[in-house]
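Keeping their order, the protein sequence lines are chains X and C.
Numbering follows our numbering, in which position 215 of the first sequence is assigned residue number 195; successive positions increment by one, without gaps.
Numbering follows our numbering, in which position 187 of the second sequence is assigned residue number 194; successive positions increment by one, without gaps.
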Amino acid sequence: MAKILMKGNEAIGEAAIRAGCLNYFAYPITPQSEVAEYLSHRLPEVGGVFLQGESEVAVGYMLLGAAGCGARVFTTSSSPGISLMSEALSYMAGSQVPAVFVNIMRGGPGLGGILPSQGDYFQATKGGGHGDYRLLVMAPASVQEAAEMVMMAFPLAEKYRNPVMILGDGLIGQMMEPVEFPENRISPSNKDDWATNGMDTRKSSKRNLVKSLFLDPVELNNNNLVLKEKYARMKREEVRYESYNMDTDYRLFIVSFGTMSRVCRTAIDNLKEEGIEVGMIRPQTLFPFPEEAIFAAASKTDCSLALSIEMSMGQMVEDVERCVHGKCPVEWFGKCGGEVPTPEEIMDVVKGFLKSR
Amino acid sequence: MGKTFQRPASLAAMDSHYCPGCTHGIAHRLIAEVIDELGVRGRTVGIAPVGCAVLAYNYLDFDFQEAAHGRAPAQATGIKRVRPDLVVFTYQGDGDLASIGMGEIVHAANRGEKFTTIFINNAVYGMTGGQMAPTTMPGQRTTTSPFGRDVNNVGMPIKVAELLAALETPAYITRQSVIKPKYIVKAKKAIKTAFEYQLENRCFSFVELVSTCPTNWGLTPVQSVKWAEETLLPYYRLGELKNPGPAEGGCDAK
């Protein structure tokens, strides 16, 4: 397979098709409208379904309907649009319906801005909508990784019968990088057990029901226990992260995800040349979070600080604090508004923290 | 050999929770009879609302999805777009369709989504305890309009069938009633016509059913039928408002 130079948004759209997802419902919002524009001509080429819904609210439920009858579906949006889909995410989790959502994050809160941010970490990793549920959340750091994660997301959503969220940012969406789409080896799963795909389709006289209402408290508690076990299984089986420069005697390690982690890499390389070793853990899944890896990193004798660097006012830092279990102090550095910290700024911050310990 | 009156296969052998004098049971039965007569039970997917009929799936025996409040037309759109061979219908009340779901129904109708909507109009919110609906009549007392609906404050009741019929996209739009046998006969014909249009893949089909809600109107079932005939039917006029025209024509033939 040849490498193609593609815009992140387009690569995300193409990756879904390569993963066998031919159904896309979406609403335009900056900075990800190019996904819909790309798929509006690409999906008809492959006999797929493209529909621009009237709002993100409606789109979230088009996904619930289509996924509920057994189709592989996805959508893309950006922060305010994802907020509008949050209720649908809760319904999907409660009804155990699989679908893939991509959030190309922009600045917030409110109308915010159209430049990149990582400010939806809480929303994604804590569920987004109401009730006891989680999303499986992945965070790509390159266009290539975004394409790979989109392709992984569909079988994961079907394995867990739960929505999967890919947390990108405006940089991932807009930049152009070489992409090589992996071969798709996973076919859609059999959904006859639960999907409303028609009794005739299943050759069954028993109907299927997609619902999340359980008025009886024992039944509802049982549904929640089923969901809880899914998330426990995700924690056992789906943690993905990358270690960078961790096989050194670092005194400080960075935790950073997405495009922010690439800037941190450059900072780490530059600091190495100055004789300062800094490690980094780059979570690739934000839920489940690489808790053990971070605890192990914090437990090394020389480690005196864990530094969470985010394009937000500090959201992932709370998970880092929780995971180090007091083994070392935890600090945060970041910026909002679309301003991306530079390698030099990060180097200064790291040196500042190291000086005071 | 005569014909035996029996429960349609699509109607579950269950006692419903609906109140005495409620017409949901009639509407459910008409749908079940039509689905059976058209022989499509094995490929039907119903979408239940949030409202008194939230448990409609307990009374109708085929595939069902539960929708969020007002979002059934969006869910139906999703199903119908990916599986156009399935027979899809939404069943919605005043709050679900005419309040929170107004955006979804207008846009689904405007796109000409090929599913059927059954709209139960009883001029009040049932399940949540009798609050005012967009379809509540002027002066009608409800738990959130205790002095009667004040049209100077909250406007006139919405005639949803007329609103949808005003869209340019071809559709089958009709308003019927299930409050008395003479209306029920016509309602069944309309429901069947609606599903037949869907089976032809012709257009969006919409059947508004003027209904009773004795519990939240504070009337007996018998008084309710009288009040519905005297107050609702003159405003919510029965009849076919729009049909898609002959098969060769449609909006292209203008």
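For every residue, glycine included, the Cβ atom is placed at its ideal position computed from N, Cα and C.
Small disclaimer: the values here were computed from a predicted structure and weren't measured.
- Take Pro24(X), set aside five residues on each side of it, and the residues of its chain with a beta-carbon closer than 8 Å to its own are Phe30, in chain order.
- At least one CB atom of chain X sits nearer than 9 Å to the CB of Leu93(C).
- DSSP places Leu31(X) in the uninterrupted beta strand (DSSP E) bounded by 29 to 32.
- DSSP places Glu125(X) in the helix class (H, G or I) of the three-state scheme.
- DSSP places Lys(-13)(X) in the uninterrupted beta strand (DSSP E) bounded by -16 to -13.
- Here DSSP, grouped into helix, strand and coil, assigns Ser20(X) to helix.
- When secondary structure is reduced to three states using DSSP, Ser106(C) falls in the helix class.
- In the three-state scheme derived from DSSP, where H, G and I count as helix and E and B as strand, Asn3(X) is classed as strand.
- Runs of the alpha helix (DSSP H) lying entirely within the region 120 to 163 of chain C and spanning at least 4 residues, in chain order: 158 to 161.
- Gly225(C) places its beta carbon less than 9 Å from that of Arg148(C).
- In the DSSP annotation of this structure, the continuous segment of the beta strand (DSSP E) that includes Asp149(X) starts and ends at 143 to 149.
- Phe81(X) and Thr55(X) have their C-alpha atoms roughly 5 Å apart.
- With contacts defined by Cβ atoms closer than 9 Å, Asn(-11)(X) and Ser13(X) form a contacting pair.
- The three-state secondary structure of Trp174(X), taken from DSSP, is coil.
- Residue environment analysis places Gly314(X) among the buried positions, since at least 16 neighbouring C-beta atoms fall within 10 angstroms of its C-beta.
- The C-alpha of Leu18(C) is placed about 52 Å away from the C-alpha of Ile94(X).
- Per the coordinates, the alpha-carbon of Met(-14)(X) lies some 21 Å from the alpha-carbon of Phe134(X).
- The Cβ neighbour count for Gly332(X), taken over all protein chains shown within 10 Å, is under 16; the residue is labelled exposed.
- Rounded to the nearest whole angstrom, the CA to CA distance from Tyr18(X) to Asn159(C) is 48 Å.
- Judged by DSSP in its simplified three-state form, Ile166(X) adopts coil rather than helix or strand.
- CA-to-CA, the gap between Gly32(C) and Ser184(C) works out to about 13 Å.
- Interface annotation, His114(C): in contact with chain X, CB-CB separation under 9 Å.
- In the structure shown, Met42(X) falls within a helical segment according to DSSP collapsed to helix, strand and coil.
- Our two residues, Ser97(X) and Leu200(X), have alpha carbons roughly 37 Å apart in a direct line.
- Taking the Cβ atoms as the reference, Ile289(X) lies roughly 5 Å from Ser236(X), within the contact range of under 8 Å.
- With respect to Ala81(C), Val37(X) sits close: the two C-beta atoms are nearer than 9 Å.
- Asp282(X) places its beta carbon less than 9 Å from that of Tyr230(X).
- Cβ neighbours of Gly107(X) within its own chain (closer than 6 Å, five residues either side excluded): Tyr113, Arg114.
- At least 9 Å separates the beta-carbon of Gln264(X) from that of Ala127(X).
- Annotation for Arg302(X): no beta strand (DSSP E) segment contains it, though the alpha helix (DSSP H) segment containing it runs 296 to 304.
- Three or more beta-carbon pairs drawn from the region 182 to 189 of chain X and the region 67 to 74 of chain C are found closer than 8 Å, and the two stretches are therefore classed as touching.
- Put simply, of Asn117(C), Val95(C), Val167(C), Lys121(C) the residue whose alpha carbon is nearest the alpha carbon of Asn128(C) is Val167(C).
- Rounded to whole angstroms, the Cβ separation of Tyr179(C) and Ser212(C) is 4 Å, and the two are in contact under 8 Å.
- The contact set of Phe69(C) on chain X, defined by CB atoms closer than 7 Å, consists of Met179, Arg187 in chain order.
- Counting only Cβ-Cβ distances below 8 Å, Gln82(C) has contacts in chain X at Tyr41, Met42, Leu44, Gly45, Gly48, in chain order.
- Val89(C) is positioned such that its CB atom lies no closer than 9 Å to that of Ile54(C).
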